[in-house]
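Okay, so the sequence shown: first residue is 31 according to my numbering, each after it adds one.
Everything on this sheet refers to the single structure shown next.
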Amino acid sequence: MPCTYAEVQIAVHSVGICGSDVHYLTHGAIGDFIVSAPMLLGHESSGTVTKLGEGVMNLKVGKVIIFPVFYTCHSFTINAGY
Ligand SMILES: [Zn+2]
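Structure representation (structure tokens):
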């Protein structure tokens, strides 16, 4: 399936579990944020770009990137790449 104008398809290599994730798992909260629904852990990811939409100008297919996964599909922004 092709990407839409601003989409990027990524073959995910790995997803990190950080201290925040461990805290949510062991304490059910961090500060005022209390986990109240099922939650997937891991939000620091790496992968290879496999497809680009026509409007994506700052990436190339084959580039290995790191990206945060704080939002659901079709709604996050890639802030860094290597
Ligand atoms: Zn984190």
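All C-beta atoms, glycine included, are put in the ideal place defined by N, C-alpha and C.
A quick note: this is a predicted structure, and the numbers were derived from the prediction, not measured.
By a C-beta neighbour count over all protein chains shown, 10 Å radius and 16 as the cutoff for buried, is residue i buried or exposed?
i           : result
leucine 70  : exposed
alanine 110 : Below a pLDDT of 50, predicted positions are generally treated as unreliable, and alanine 110, at 47, falls in that range; the measurement from the model is reported next regardless. Its Cβ having fewer than 16 others within 10 Å, alanine 110 is exposed.
valine 38   : buried
leucine 55  : exposed
lysine 90   : exposed
Which residue wins for smallest C-alpha separation from residue i, given the options the options?
i                : options                       : result
phenylalanine 97 : Ala41, His53, Gly83 and Pro68 : Ala41
glycine 72       : His43, Leu89 and Ile64        : His43
threonine 78     : Val45, Met31 and Thr34        : Val45
isoleucine 60    : Ser50, Tyr35 and Gly85        : Ser50
For chain D, check one thing: does any of its Cβ atoms lie closer than 8 Å to the Cβ of residue i?
i          : result
leucine 89 : As a matter of chain content, chain D is missing from the structure shown, which is built from one protein chain.
For the putative contact between residue i and residue j, defined by C-beta atoms under 8 Å, what is the C-beta separation to the nearest angstrom?
i          : j          : result
valine 94  : serine 76  : 7 Å
alanine 36 : glycine 83 : 5 Å
ask   = What beta strand (DSSP E) runs, 3 residues minimum, are completely inside the stretch 67 to 96?
value = 74 to 82
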